[in-house]
Amino acid sequence: MILDIVKFPDKTLRKKTKPVEKVSDDILEKLNNMAETMYNAPGVGLAAPQVGIDKRLVVMDITAEDEPPKLEKLINPEVLEYEGEQTGEEGCLSLPGEYADVKRAEWIRYKYIDENGDEHLQEATGLRARVIQHEVDHLDGILFIDKLSTMKRDMIKKRIKKRISQGDY
Ligand SMILES: [Zn+2]
């Protein structure tokens, strides 16, 4: 089922989400719906608060268009260590049409639980590390615009306000 995507400045995006305590059928169904919503958008990642779900769930697929899709489902993902720095352009399904260069760690160590309830400890660099940091931020109510200078953030907020008034957002 394709879910409605919550857009900034909706307050739902600012809530810290609750950890998953048991990988139930309900959680698996939520992950499937999130994946369908992400591919439909389309986007490379989607976090539960973006579809109004108050759980620590993320789906992502960072494969290129000419590669076979590889869906990743992360339950209770957590970034444990950060190293280095990278800057790259980010967008967000909750701020459609808005993009900005965001500074992130180049390397991370992270953990998550998979659909079978098994815990994994992994490392990521580059785009994978960027997407994971962006999505885990969502679970804590943090958006990519929070990582920008006040000036850049205000510019985006102003533009969104204008777009809303024009019915173009
Ligand atoms: Zn996002």
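Per our numbering, the sequence shown runs over residues 1079 to 1247. Glycine included, each C-beta is placed from N, C-alpha and C at the ideal position. These figures come from a predicted structure and were not determined experimentally.
- The closest CA to that of residue 1092, considering only 1117, 1125 and 1105, is found on 1125.
- The criterion of a C-beta distance shorter than 7 angstroms is satisfied by residue 1140 and residue 1206.
- In summary, residue 1228 is exposed, with fewer than 16 beta-carbon neighbours lying within 10 Å of its beta-carbon over all protein chains present.
- Inside the segment 1109-1135, DSSP marks whole beta strand (DSSP E) runs of 3 or more residues at positions 1123-1125, from first to last along the chain.
- A direct Cα-Cα distance of roughly 21 angstroms separates residue 1164 from residue 1171.
- The residues 1101, 1106, 1109, 1151 and 1153, in chain order, have a CB closer than 8 angstroms to that of residue 1193 in the same chain once the five nearest residues on each side in sequence are set aside.
- Here the segment 1238-1247 does not lie against the segment 1197-1217, with fewer than 3 beta-carbon pairs under 8 angstroms apart.
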